[in-house]
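Remarks on the structure that follows.
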Amino acid sequence: MATLEWTCERIDGVTLVELTVTSERATRVRVESTLRPVWPPRRQGRPAAGWDGPVFEAEVDEDERLVVGYASPAERVDPPAEVTTRPPEEEEVDPADVIRALGDGTPPRDAVPTGGTSAESAVQTDTPERESARQEADPDPSATQRGSVGPGPSAAATGVPPAIEAYFEGLERRIAAAEELTESGTVDGAREAVRTAGGMGAVEGLDRQLRADRRHLDHLVSRTERLAGRLDAVDVPVERLERVA
Amino acid sequence: MILAVTAGKGGVGKSTVAYNLASELDAVAVDADLGMADLPSGRGPDLHDVLADRASPFEAVQDVGAVSMIPCGRSLAGARAAEPTALVETVEAVARRYGSVVIDTPAGMRSDAGLPLLAAEACLLVTRPTRPAVADAVRARELARVLDTPLVRVALNRVDPERIGTQTERQRRLAGALGAPVHKVPDSETVAQAQRSGQPVRALDDSATATEQFESLAAAVERSLG
Chain A
1 MATLEWTCER IDGVTLVELT VTSERATRVR VESTLRPVWP PRRQGRPAAG WDGPVFEAEV
61 DEDERLVVGY ASPAERVDPP AEVTTRPPEE EEVDPADVIR ALGDGTPPRD AVPTGGTSAE
121 SAVQTDTPER ESARQEADPD PSATQRGSVG PGPSAAATGV PPAIEAYFEG LERRIAAAEE
181 LTESGTVDGA REAVRTAGGM GAVEGLDRQL RADRRHLDHL VSRTERLAGR LDAVDVPVER
241 LERVA
Chain B
1001 MILAVTAGKG GVGKSTVAYN LASELDAVAV DADLGMADLP SGRGPDLHDV LADRASPFEA
1061 VQDVGAVSMI PCGRSLAGAR AAEPTALVET VEAVARRYGS VVIDTPAGMR SDAGLPLLAA
1121 EACLLVTRPT RPAVADAVRA RELARVLDTP LVRVALNRVD PERIGTQTER QRRLAGALGA
1181 PVHKVPDSET VAQAQRSGQP VRALDDSATA TEQFESLAAA VERSLG
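Sequence order for the protein chains is A and B.
Under my numbering, the first sequence has 155 at position 155, and the numbering climbs by one with no breaks.
So the number in my numbering is just where the residue sits in the second sequence, counting from 1, plus 1000.
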């Protein structure tokens, strides 16, 4: 038989719950929060070991106290949780345990050029090399590009340096992704488009990126115009220089 | 059979060993090096897509080359969108349909190295006959031990071809320290050439010493895993 004691504190719209579980003999306890939703403690971005939704499970030894803390936006209720006991069982290591213990190997958000969720991956999935390899191998590249329209003329056709071509392709894909978000006429359609894009965070990221793109394009337009003007005005006097040299 | 090919450090030829073993075992090679894919890749969905739930594991299996494989995907954005824990069910599903899977596991001690070990029935550790490589192999061995993944063989890669046949004292000590028999793979231009062209060494020269060594290594793995 396990005993539950608790304290609840309400701060700035968040209820902080601290539970203390004791038992007369060693047992496995299942603690289920009555407050919903539960914000469990996290390790490496994953709910800490033992947490599964609103339920926390762990072993408690006799004469030992098991302390469990979590938060919830819900108003406090008494008791904030219910405890039940089960005989101890052999615990299996699950994949989330491995991440909690060893750390998440996913590249950090900052390492990803435009922010890092699936909206950007629709936008920035491939390196230019892989993209061009794909175009060579695939007669219809637009069919394999998720959420995007076909690219403009290839670098080989225009003779534009690959880095610039890659910039324009990225821009085309971002605009295509934005167009898809714009075109969803119904509420369900919009919801689906946001989900496909990777959530509102990703949509906001895309919006920020597009505003930056606008500034970069304006800058590029004035700079290319200036350069084109200067280019028109010059003519390398090859023959005259040949005579001098 | 699910075999994780692991190494404490990069640059020891782990991907080469994984690819050639997959060829010998008629297994699907899964390139699980999410941040730094190494095995040859083509077009179509890759492991990033599977782990982000954009493709099924079977859609990502490429059957076109000499070795069936799931390539990894090479962009940071793709790696970030992927759910790493889904690797375990992915390789299990592929093993159920195709029989055998060889996972090319990232080097290091983080969860991206740990998850393939958790998914695998056993692991094979690749190292080189140099001091830093062996030190890292010992750490990788510990990671496998913690995750309860048995080590079936150690592949000592890029050994001087002259020394392939001789059992050295150093090699016995290595086997003792890592707790598994050591199997030597020779340093060979044919192996390097095969890897560059995205083929197993058998496809280039089926009587090369390296081909024979991969064949006997695969046979040893099969015996160990029954």
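Where is the CB? At the ideal position from N, CA and C, for every residue including glycine.
In this structure B:P1181 is not in contact with B:R1223, their Cβ atoms being roughly 11 Å apart against a cut-off of 8 Å. At a C-beta separation below 7 Å, A:T27 has no neighbours in chain B, since its nearest C-beta there lies roughly 25 Å away.
Spanning the alpha carbons of B:D1031 and A:L241 requires a straight line of approximately 58 Å. If one requires a minimum length of 4 residues, the alpha helix (DSSP H) runs lying completely within the region 180-219 of chain A are 187-197, in chain order.
Taking a Cβ-Cβ threshold of 9 Å, none of the residues of chain A is close to B:D1136; the smallest such distance is about 16 Å.
In the displayed model, A:I11 falls within a strand according to three-state DSSP. In this structure A:V29 is in contact with A:A2, their Cβ atoms being roughly 5 Å apart against a cut-off of 8 Å. Counting only runs of 4+ residues, the alpha helix (DSSP H) found wholly inside the region 1086-1158 of chain B occupies 1086-1098, 1111-1119 and 1131-1146, in chain order.
Within chain B, no C-beta atom comes less than 9 Å from the C-beta of A:P162; the nearest is roughly 16 Å away. Just so you know, the alpha carbons of B:G1198 and A:G229 end up roughly 49 Å apart.
As the crow flies, the alpha-carbon of A:A71 is around 45 Å from that of B:Y1098. Annotation for A:D97: no beta strand (DSSP E) segment contains it, though the alpha helix (DSSP H) segment containing it runs P95 to L102. Between B:S1111 and A:L19, the gap from beta carbon to beta carbon reaches 8 Å or more. As a beta-bridge residue in DSSP terms, A:Y70 pairs with A:V17. The criterion of a C-beta distance shorter than 8 Å is not satisfied by A:V14 and A:C8.
Here DSSP, grouped into helix, strand and coil, assigns A:E59 to strand. Residues of chain B with a Cβ closer than 7 Å to the Cβ of A:P95 are, in chain order, T1085, V1088, L1115 and L1118. For B:M1069, no chain A residue has a C-beta closer than 8 Å to its own C-beta; the minimum C-beta separation is roughly 16 Å. By the neighbour-count criterion, in which 16 or more other beta carbons inside 10 Å mark a residue as buried, B:T1130 falls on the exposed side. Assigned with DSSP and collapsed to three states, A:L4 falls in strand. Judged by DSSP in its simplified three-state form, A:P162 adopts helix.
About 5 Å separates the Cβ atoms of A:S23 and A:V60, confirming a contact at the 8 Å cut-off. Runs of the beta strand (DSSP E) lying entirely within the region 1017-1085 of chain B and spanning at least 3 residues, in chain order: 1028-1031. Taking a 10 Å sphere around the C-beta of B:M1069, we find 16 or more other C-beta atoms and assign the residue as buried.
Not flagged as an interface residue toward chain B: A:L35, since no C-beta distance is shorter than 8 Å. Relative to the Cα of B:A1107, the nearest Cα in the group B:G1013, B:D1205 and B:R1172 belongs to B:G1013. For B:V1221, there is no enclosing beta strand (DSSP E); the enclosing alpha helix (DSSP H) has its first and last residue at T1209 to L1225. Note: A:D52 is bridge-paired with A:V55 in the DSSP secondary-structure output. Counting of Cβ neighbours within 10 angstroms places B:E1024 among the buried residues, the total reaching 16 or more.
Among the residues facing chain B, A:A197 is not included, as its CB has no counterpart in that chain under 8 Å away. Contact annotation: A:A49 and A:D97 have beta-carbon atoms nearer than 8 Å. Under the three-state reduction of DSSP, A:E75 is assigned to coil, being neither helix nor strand.
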